[in-house]
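Working notes, structure below.
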Amino acid sequence: MMNAILIAMILALLIPIYEAWQDEDIWQKMLAFASIATKTSIMFLVISVLRGDWMIGVVGVIILSVGNAGLMLLAHLIRRMNE
Amino acid sequence: MMINVLSDLCIGLGIVFWFWGTLPLLGKRSVLFKLHSLSVADTLGSMSIIFGLLLKIPNQWSLLVLALISLAIWNTILGYVLAYCSSSGGQDER
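In order, the protein sequence lines correspond to chains A and B.
The working numbering numbers the first residue of the first sequence as 1019 and each following residue consecutively.
The working numbering numbers the first residue of the second sequence as 42 and each following residue consecutively.
Structure representation (structure tokens):
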């Protein structure tokens, strides 16, 4: 059951990866990257439950709680450079 | 037994929401349209998946509740920031 869940999650992860690869517009790319970041950190949590290893889960929660801050800083940086 | 079925249901619902929120990324719509579908369906799906995991492993609730809270807060703020930054140019809106 958990393996099927993981395979479905990897399939869902392929969509933003493809979008980030094929779209030239920087904001569409940023959006796809934000989606990839959230999806991979949720996958970290699922894998940590699957293996019963909470060190992996801690890494996923850290990415969830501070990782988006980096994306926000990057968005402001890109906006300043476009001005 | 009942709890297990419920948690699998939550995780399955979350994956359906993920596909629902991410498939509009492939279209030729504007950034704001994609941001809306992503921030609503994707965040709800992620929260549903984490809630399913919380039902499965209740003894690590502190970590999972932290993940839930940070998802709810950060993704909302990130949505606002991305919308603000991407719409300031004025000429790239479709």
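Just so it is clear, CB atoms sit at the ideal spot from N, CA and C, and this is done for glycine as well.
Item	Value
Where L1092 (chain A) and L104 (chain B) are concerned, what is the direct C-alpha to C-alpha distance, given to the nearest angstrom?	27 Å
Using C-beta distances below 8 Å, list every residue in its chain close to A1055 (chain A), excluding the 5 sequence neighbours before and after it, in chain order.	I1081, G1085, N1086, L1089
Ignoring anything shorter than 4 residues, give me the alpha helix (DSSP H) runs that lie fully in the stretch 56–126 of chain B, in order along the chain.	72–78, 84–97
Taking only beta-carbon atoms, is V1064 (chain A) less than 8 Å away from chain B?	yes
For a test of the three-state rule: what should DSSP assign to G53 (chain B), helix, strand or coil?	helix
Can you tell me whether DSSP reads S128 (chain B) as helix, strand or coil?	coil
Show which residues of chain A have a CB atom less than 7 Å away from the CB atom of V122 (chain B).	M1090, A1093
Report yes or no: do three or more beta-carbon pairs, one from the stretch 45–54 of chain B and one from the stretch 1038–1050 of chain A, lie closer than 8 Å?	no
Have a look at B:A82, B:R70, B:V106 and flag the residue whose alpha-carbon is nearest the alpha-carbon of D1043 (chain A).	B:R70
Starting from the N-terminal side, write out each stretch of the alpha helix (DSSP H) that is 4 residues or longer and does not extend beyond the stretch 1019–1068 of chain A.	1020–1040
Could you tell me whether any Cβ in chain B is nearer than 8 Å to the Cβ of I1074 (chain A)?	no
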